[in-house]
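Numbers 662 to 1005, taken from this note's numbering, label the letters of the sequence shown in order.
Every residue gets a Cβ at the ideal spot worked out from N, C-alpha and C, and that includes glycine.
Only a predicted model underlies this, so the values are computations on that prediction, with no experimental measurement involved.
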Amino acid sequence: MSTETLSQYDIDRLLGGAGNLTAPMPATVTAGGKTVSSDETEVQTYDFRRPHRVSKERLRTLEAMYERMVKSLEGWLIGRVRGQIEMRLQSVEQFSFGEFTLSLPTPCATYIFDVQNTGGAQGAIDIGHEFGFFTVDRFFGGGGAATIPNRAFSPVERMTLRIVAERAVALLTEIWQDHVPLELQITGFESSPEILQIANREDPVLVANVEVVAGQTSSLLLICLPFSVLEKFFQGSGNKRVGQAGGTEQEREEARLRTEAALRATPVTVSARLPRFQMSLRELSALAPGQVVATGIPRDAELSVTVGGRTRFRGSAGRVGRKLAVRLLDQIAPPENLNDDDTE
């Protein structure tokens, strides 16, 4: 039997348990032939009630998808407000719905959309208070609101901003169509984050944060989708992409041709627009369905042809058989076209 006397440290361990000590002895862990101090090991908490579902691979896919949406929306907005707008994707993250509502400004400009055929699931898109007033002012012919009023949007302003929300929802449907086909329809508007109720506070949601810089205003556009409608993406492969081919020159050429074919099959919105014209507010308020608006524009006036929301060509109107057509006259280089009003 050992006659060694117990130290005070050993006595404390026996009485109080090693887990309750405030100053435990430094331990070492052997990993891969290396001795590492336990103080250097990183301990991460795991929430079993709300497990984190966005892996690094999924996150890269999500960021690529939303980057594509942001660029398309940016080009579309530039063509509508006829001014410089910069949109940058800041992050795509998992939150609880309660955390999402806390991130909304008061008052907010949040459009609610239904996800069809999902048993009542809903999502939300917040335009951003400052950017909302800037957009309304530009849509009505102003130079961009210099002073942002601290109030909720009026019914007329909501109808105007709904154009932007519907475009964003359409692009959201487009980027998800290869992963989780979604049918989205805007059904409501809310200006108070406390009243917004599209999910339980603890329900996980996927939130994309988009920074919008327009004129002197800077704002955040938030897109919220419930995880319940994205289960297929997070449980499946979730990543349909064309990988870089290795091996022989023939295999690389085949991969290049597949990539080129996929790019050529990508749908791009093309539109032809008349030059801008003016009318009085009295004439505008008297318009009714079926009336013909006299623009005063000559028949041979040049049209601006936009591709993806940016003017790329000048053309003239005509017909091919019974269908309207546009003859392209000349091309406009993209860098020269971001801000100029070439249709006037």
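Three-way DSSP call (helix, strand, coil) for residue i in this model
i           : result
residue 669 : helix
residue 720 : helix
residue 994 : coil
residue 602 : Shown here, the chain extends from 662 to 1005; a query on residue 602 therefore has no answer.
residue 936 : coil
residue 952 : coil
residue 694 : Low per-residue confidence applies at residue 694: pLDDT is 46, beneath 50, and the placement is therefore not dependable enough to give any value.
residue 798 : helix
residue 740 : helix
residue 674 : helix
residue 847 : strand
residue 833 : helix
residue 896 : helix
residue 780 : coil
residue 758 : helix
residue 816 : helix
residue 642 : Since the first residue shown for the chain is 662 and the last is 1005, residue 642 is missing from the structure and cannot be characterised.
residue 986 : strand
residue 886 : strand
residue 764 : coil
residue 869 : strand
residue 858 : coil
residue 863 : coil
residue 824 : helix
residue 771 : strand
residue 785 : strand
residue 975 : strand
residue 852 : coil
residue 920 : helix
residue 980 : strand
residue 913 : helix
residue 925 : helix
residue 960 : coil
residue 700 : Low confidence applies to residue 700: its pLDDT is 49, below 50, so where it sits in the model is not reliable, and the reading given next is rough at best. DSSP places residue 700 in helix when its eight states are reduced to three.
residue 731 : helix
Whole-number beta carbon distance between residue j and residue i, since they are thought to touch under 8 Å
i           : j           : result
residue 765 : residue 869 : With 8 Å as the limit, residue 765 and residue 869 do not qualify as a contact, their Cβ atoms being about 14 Å apart.
residue 933 : residue 976 : 6 Å
residue 812 : residue 768 : 7 Å
residue 829 : residue 942 : The pair is not a contact, with the Cβ atoms about 29 Å apart (cut-off 8 Å).
residue 992 : residue 971 : Incorrect: roughly 12 Å between the Cβ atoms, too far for contact.
Residue nearest to residue i in terms of C-alpha spacing, selected from the options
i           : options            : result
residue 802 : 944, 929, 744, 959 : 744
residue 759 : 981, 794, 887      : 887
residue 649 : 912, 871, 931      : A question about residue 649 goes unanswered here, because the residues of the chain that appear run from 662 up to 1005.
residue 856 : 939, 770, 781      : 770
residue 889 : 779, 822, 844      : 779
residue 816 : 797, 833, 804      : 797
residue 878 : 793, 945, 800, 866 : 793
residue 619 : 736, 755, 675      : Since the first residue of the chain shown is 662 and the last is 1005, residue 619 is not available in this structure.
residue 838 : 891, 861, 959      : 891
residue 795 : 985, 866, 814      : 814
residue 738 : 781, 819, 873, 728 : 873
residue 860 : 982, 781, 722      : 781
residue 783 : 858, 912, 736, 722 : 858
residue 940 : 958, 924, 930, 929 : 958
residue 732 : 985, 929, 994      : 929
residue 931 : 669, 986, 728      : 986
residue 763 : 990, 862, 909      : 862
residue 718 : 924, 896, 910, 740 : 896
residue 944 : 722, 936, 954      : 954
Beta-carbon gap between residue i and residue j smaller than 8 Å
i           : j           : result
residue 746 : residue 831 : no
residue 894 : residue 841 : yes
residue 845 : residue 834 : yes
residue 720 : residue 753 : yes
residue 864 : residue 757 : yes
residue 748 : residue 836 : no
residue 956 : residue 938 : yes
residue 761 : residue 866 : yes
residue 979 : residue 988 : yes
Cβ of residue i within 8 Å of any chain D Cβ
i           : result
residue 929 : Going by chain labels, chain D is absent from the structure shown, which holds only one protein chain.
Contact the segment 882-891 vs the segment 785-795: 3+ CB pairs below 8 Å:
yes
Count the CB pairs spanning the segment 836-853 and the segment 766-775 that are closer than 8 Å, and state whether there are at least three.
The segment 836-853, when compared against the segment 766-775, does touch it at the 8 Å Cβ threshold.
Quick test of the definition: if touching needs 3 or more C-beta pairs under 8 Å, does the segment 955-964 touch the segment 905-925?
no
Are the segment 964-984 and the segment 937-953 touching by the rule of at least three beta carbon pairs closer than 8 Å?
no
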